[in-house]
Structures are given as C-alpha cells and as structure tokens.
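One structure below.
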Amino acid sequence: MKKKWTMVTVAALSFLAACNEVDDENEATQTDENDETVETAGLTDGNGGFLWKIEHEDTDVYLQGTIHVGREDFYPLNEQTEAAYDAADVILPEVDLVDVDQNEVETMMTGLSLLEEGQTLDELISDEAFEKLEAIFAEYGMPVELVQGFEPWFVENMLLSFAIAESDVDEASGVDEYFLNRAVDDGKEIRELESIESQFNVLSGFSMETQIQLLEHRLQNMDEAGEELETMADSWVDGDIEGLVGTWDDLEESAIDKEYAYELNEVRNYDMANTIADILQENSGQTYFVIVGSLHLVAEPSIVSILEDEGYTVEFVY
C-alpha cells in the first residue's frame, strides 16, 4: 500500500513541542460500546506515545499524534494507544488512504503540479540548485528534463521520496496506515478530517517564492535527509519530544517564508479542531480515535490548545 502521494504532509516533518510527563501510577479506564471496560492502569511502556483524551458528556475523543513514515519494529505501539484504538468506534485520520481512486488522485496531482505553458523549472531556481537537482536525478538514472515542467512543490516532494527510499524508514509502515489497515480489517468506521484534494491544494497554493525556497532548502540538505528521517523515526518511537521539536524548529528558523508554517499547520489545525468540536457537540455516545501528524497536536495554535480555548478539557495520556 505504498503511495508516494501520502507524503504530502510529511513535507512539514509533522512534529512536536513539549508536553507534561504522566504519572506511571495514574489509573484510567475506557468503556466501549458494549460497556466492556478496557483496563489501562499503569500502562506506560511501549513504542510511541503522544496521546490525548477529551471526554464530553457521553462522547470520548482520543487524539493520537502520528508519524507518516515508520518501520516494522514500531509495532505494537504503547498499550495506552493500542487500548484507545480498540475502544474506538470511529477512526478519524487526516485522509482516508484506504478508500481512494489512484487514477483520480494522479489526475488531480498532475493538474495542480504543472507549470504554466512555456515556463520551465530551471528558469525559477538558481543555477546552483538546478545543477544539484540534475546531479541527483542522474544518480537515479533519470534525466532532469522529466521535471522541467513541474512546479517546485511537486519536485520537492519527489526528492523527499528519494530520501525515504535511501533510509531505513518507509511510508507503508507509517502509523496512519497501521491504524487504517487495522480499521478496515476490524470493520471500524473511517471518517476523514481532510481530503487528498485539500492537502494538494495547500501545497500547490503556496506562492512561487515559497515553493522555490522549499525546493532549494531540500536540495541544500539532501545529503543528510535520509539520516534525518531515521533520527526523526527514532525520536518518535522513543517518545523523544525534544528531538522531534528540533526538526520543526530548524525548518521554522530557515529562510522559508512564514506562509509555509501558517498554511500547513495553523490553518489546518483550526479546520480540524472545528470538525472535532462538532463531533463532540453531536454527543453520539461513541468513542473516536483521531490520528494526525503530531505537530498538529503541539505546534501553537495546536488542535489541543484550540479545543481547550473552546472550553474542552484535554488530558495528556501518554
């Protein structure tokens, strides 16, 4: 189920800021739709983390921060996260990756990624950057002319896919797909918070200046990209929030226009938080398991802080 286009949000290296430690002796219970109690007392050991919970009348919502790449040794995850998934009636990913038309996605992506007629990529980026791009494509036995007609955002994501291929992580082992595949097997309802189209519209909607900055930043750091992805994966599975925060901080401190972080994180956080708030107000009595890139839960204004501002109590679980 490996799809390069699932990486549209990985371009942000979607991750984290600090959160409070949880008392290992803290006891909690979860109740599923059959009133069966899932014991979670003292469960803290295991891979990953970054789990929050909201209780509103008869409805529970779990917020699970994910990473969009992974390794098979990630699984199973920590017991709190596994228990939260098991208790859930509805799974809420950013995008439902298991129910998409690949041909439709490719057609959409092509329409959003092509430069205007007569315009070429080498006219937009610096000579140094284009030479670097040409050398990278040559390493893969591909002529750079293949991407001359594409916008910088699309080429930047191609380079990210190259970096993933050279690392020990992959998209097929991503946490999102881990839960979505299980949800299909378990017959759980899946309701997406966004859509493939909306995510493509974000990336293709950046100004050309921002797109050029993103591509040139990727090219400048391409030699370290694979190692950085592996370090990011290690930080996530170890629950090392500071390590993951550093990745995002480095990006924010770069020369890339602030439009990037605003559109990719802040705007989307408000949209997703509003959808979650609507679900809470429906008070269906069901349990929901939200799986989004971890950055969306901690980078301010985060989904967590937005919901707290709306009056909800958001408890950090693990």
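When you line the sequence shown up against mature numbering (1 follows the signal peptide of the UniProt record, and there is no 0), it's residues -20 to -1, 1 to 298, in that order. Backbone N, C-alpha and C fix where the C-beta goes; we use that ideal spot for every residue, glycine too. All values derive from a computational prediction rather than experimental measurement.
Using only alpha-carbon positions, find the residue among Gly206, Ile256, Gly291 and Phe134 that is nearest to Leu173. Ile256
What three-state label does DSSP hand Asn58 in the structure shown? coil
I believe Gln128 touches Leu92 by the beta-carbon criterion, under 8 angstroms. Please report the beta-carbon distance rounded to the nearest angstrom. The pair is not a contact, with the Cβ atoms about 17 angstroms apart (cut-off 8 angstroms).
Tell me which residue opens and which closes the beta strand (DSSP E) that Tyr158 is part of. Segment Val155 to Asp166 is the alpha helix (DSSP H) holding Tyr158; no beta strand (DSSP E) there.
So the candidates are His276, Ala64 and Gln193; which of them puts its Cα closest to the Cα of Lys238? Gln193
Across which residues does DSSP place Gln82 in a beta bridge pair? Answer by DSSP bridge pairing: none, since Gln82 is not bridged.
Just tell me which of Pro56, Glu136, Leu104 and Phe296 has its CA closest to the CA of Phe159. Pro56
Phe180 and Glu243 look like a contact to me (Cβ under 8 angstroms); what is the Cβ gap, rounded to whole Å? That belief does not hold up - the Cβ atoms of Phe180 and Glu243 are roughly 13 angstroms apart, past 8 angstroms.
Alpha carbon to alpha carbon, how far is Asp203 from Ile144? 12 angstroms
Where does Pro281 fall in DSSP's three states? coil
State yes or no: is the C-beta of Val135 within less than 9 angstroms of the C-beta of Val49? no
Closer than 7 angstroms by C-beta to Ser282: which residues in its own chain qualify, once you throw out the five before and the five after it? Chain order, please. Asn249 and His276
Shorter than 8 angstroms, the distance from the beta carbon of His48 to the closest heavy atom of the ligand FMN, or not? As far as ligands go, the structure on display features none, and thus does not contain the ligand FMN.
For the candidate residues Asp66, Val41, Ile176 and Gly219, whose alpha-carbon lies nearest to that of Asn263? Val41
Residue from Gly45, Thr190 and His36 with nearest C-alpha to Ile105: Thr190
According to DSSP, what are the bridge partners of residue 379? Any question about residue 379 goes unanswered here, given that the chain covers just -20 to 298.
Residues in its own chain within less than 8 angstroms of Leu94 by CB, not counting five upstream and five downstream? Gly129, Phe130 and Glu131
Taking Met252 as the reference, which of Glu210, Ala241 and Ile271 has the closest Cα? Ile271
Compare the Cα-Cα distances from Glu119 to each of Trp216, Met88, Phe142 and Glu84 and report the closest residue. Phe142
Since Glu44 sits in a beta bridge, which residues does DSSP pair it with? One point to set straight first is that residue 44 is Gln, not Glu, in the sequence displayed. Gln44 is bridged to Leu31 and Ile271.
Identify every residue that forms a DSSP beta bridge with Leu94. Phe130
How far does the alpha helix (DSSP H) with residue 304 in it reach, from first residue to last? The requested residue 304 is not part of the displayed model; the chain covers only -20 to 298.
With 16 other Cβ atoms within 10 Å as the buried cut-off, status of Val217: buried
How big is the Cα-Cα spacing for Glu96 and Tyr298? 48 angstroms
What runs of the beta strand (DSSP E), each 3 residues or longer, lie entirely inside the segment 169 to 204? none
Below 8 angstroms on the Cβ atoms is my contact criterion, and I expect Glu177 with Met88 to pass it. Report the Cβ-Cβ distance as a whole number of Å. 6 angstroms
Please classify Ser175: is it buried, with 16 or more other beta-carbons within 10 angstroms of its beta-carbon, or exposed? exposed
Going straight from the alpha carbon of residue 320 to that of Tyr268, what length do you get? Because the chain spans -20 through 298 in this model, residue 320 falls outside it and cannot be assessed.
Does Gly29 pass the burial test, meaning 16 or more other C-beta atoms within 10 Å, or should it be called exposed? buried
Nearest to Ala68 by CA position, among Ile47, Lys168 and Leu139, is which residue? Lys168
Are Ala205 and Leu126 touching if we call contact CB-CB under 9 angstroms? no
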